[in-house]
Structure formats: C-alpha cells, structure tokens
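The block underneath contains the structure these notes are about, expressed in structure tokens.
Rendered as structure tokens:
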C-alpha cells in the first residue's frame, strides 16, 4: 500500500519570490509535484489538458464552485482559475507530495481541508519597498495592476500570520535553505 502524500502550500504577496522558492525546492526534495489548476480560459498553442491546466467551460467551473469542489478559486480578467480538491486527493493517494502555489485565502483553506497532512508556508519580502521594486523590475505590470497588487499586501501579510511558518526572502539562497529544512522535517513526520 502506498503511503499517502502530503500538501505543501506556498503563499506570498506578488513579487516575494514564492514560485522561485517552490521551484528550487522541487529540485532539492524528492517526490514533490506541482498541482495542476483548472481554468476556463482557452488553451495556448503548446498547452495540454491535464498537464498544464484542466481546461473546462465557465458553466462547468461555476457548477463545481457550487458543489464546493475547489480548494480555492478566483476570477482573473474574465477567466476562472482554481485548484480541484479531487485532483489534490488523487495525487496524495498516489503517494505524491503536492506543491500548491496559491492565494493566501486558499492557503488558509488548505488547513481546514487537509489538517496535519499540510504545511502552509508564507514567504515574506524584506519590506514593502523591496516588493514594489521587484514587481517593477519584472516589467510585467501596468501601473494599474501594480497598484492593485500592492493594495492587497496588508491583507495578505495579516493573513500570513496564521500560516505554519513564515520565511523572509531577503537572501534567496538562505530562504530556499530555510524552506527546504522546514519541508524536509514536515515530510519525515
């Protein structure tokens, strides 16, 4: 019988480095797999259903929302994105440890659903000014989206206090080492 997997959640304000840290962790710790999200947007040319996303209609998505089939979901620029509870359970039943890189509210919902089988990590920027500079240096944000992302930071930071651990990303290697130690210890339990 396969030992059930666990869930590791990464949340942070945009620009704090959570995805970079999560991807680095996947290279350092065996048996970590990113969850595949569902979306209502059309697949891009090089994307495959079930690999990059689960591509579903808006009607099906909203029907599943009504049935509480998502751990978390949100609407972004007219399309819906979310994490299916069934997909995460399926991966865990196969003995895979699942990485979720999601919104802070979704991260808190993980604890309600998976309890001790989950580890929630909140990645903090050194300060809000550094966060703003990181977002600007990406050159992927308009002034409007930059303001929207920064407006969410106080709420995200407050909710981040409820996570199992907080790691400050002021030095990327140090942050990766801290996260790796936390995850390795969690997976041993």
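In this note's numbering, the protein residues as written are 87 to 275. For each residue, glycine too, the CB sits at the ideal point set by N, CA and C.
Worksheet item: Apart from the five residues on each side of it in sequence, which residues of its chain come closer than 8 Å, Cβ to Cβ, to residue 177?
Response: As a working note, residue 177 is residue 91 in the chain shown. Cβ neighbours of residue 177 beyond the five flanking positions: 91, 119, 121, 184.
Worksheet item: Do you know how far the Cα of residue 229 is from the Cα of residue 94?
Response: Residue mapping note: residue 94 aligns to position 8 of the chain shown, counting from 1. Residue mapping note: residue 229 aligns to position 143 of the chain shown, counting from 1. Spanning the two alpha carbons is a distance of roughly 32 Å.
Fill in: Whole-Å CB distance - residue 266 paired with residue 114, under 8 Å assumed
Looking up residue 266 in the chain shown gives position 180. Looking up residue 114 in the chain shown gives position 28. Sure, about 5 Å apart at Cβ, within 8 Å.
Worksheet item: Using DSSP with H/G/I as helix, E/B as strand and the rest coil, what is residue 188?
Response: As a position in the chain shown, residue 188 is number 102, starting the count at 1. Residue 188: coil per DSSP, three-state reduction.
Worksheet item: For the 8 Å Cβ check, are there 3 or more pairs between the region 250–270 and the region 192–209?
Response: yes
Worksheet item: So residue 168 is in the beta strand (DSSP E); what residue range does that whole segment cover?
Response: Translated into the one-based positions of the chain shown, residue 168 becomes position 82. 165–170 is the extent of the beta strand (DSSP E) around residue 168.
Worksheet item: What are the start and end residues of each continuous beta strand (DSSP E) run of 3 or more residues lying completely inside the region 98–182, in chain order?
Response: 118–120, 156–162, 165–170
Worksheet item: Taking the alpha-carbon positions, what's the residue 194 to residue 163 distance?
Response: Walking along the chain shown from the start, residue 194 turns up at place 108. Walking along the chain shown from the start, residue 163 turns up at place 77. Rounded to whole angstroms, residue 194 to residue 163 spans 24 Å at the Cα level.
Worksheet item: Would DSSP call residue 252 helix, strand or coil?
Response: Working through the chain shown from its first residue, we reach residue 252 at position 166. Strand at residue 252.
Worksheet item: residue 206 by DSSP, collapsed to three states: which one?
Response: Here residue 206 corresponds to residue number 120 of the chain shown, with the count starting at 1. Looking at residue 206 - three-state DSSP - the assignment turns out to be strand.
Worksheet item: So is residue 108 buried or exposed if we call it buried at 16+ other beta carbons inside 10 Å?
Response: Position 22 of the chain shown, counted from the first residue, corresponds to residue 108. Residue 108 is buried by the Cβ-count criterion.
Fill in: Proximity to residue 270 [Cα-Cα], best of 111, 96, 88
If you number the chain shown from 1, residue 270 lands on position 184. Ranking the options by Cα distance to residue 270, first place goes to 111.
Worksheet item: Tell me the DSSP bridge mates of residue 95?
Response: The residue you call residue 95 lines up with position 9 of the chain shown. 186, 206.
Worksheet item: Looking only at C-alpha atoms, which of 146, 123, 145 sits nearest to residue 135?
Response: As a first step, residue 135 must be located in the chain shown, where it is residue number 49. Here the closest residue by C-alpha is 123.
Worksheet item: Where do the ends of the alpha helix (DSSP H) carrying residue 266 lie?
Response: The sequence position of residue 266 within the chain shown is 180, counting from 1. First-last of the alpha helix (DSSP H) with residue 266: 258–274.
Practice prompt. Specify the secondary structure class of residue 240 as computed by DSSP and reduced to three states.
Written response: Position 154 of the chain shown, counted from the start, is the residue given in the question as residue 240. DSSP places residue 240 in helix when its eight states are reduced to three.
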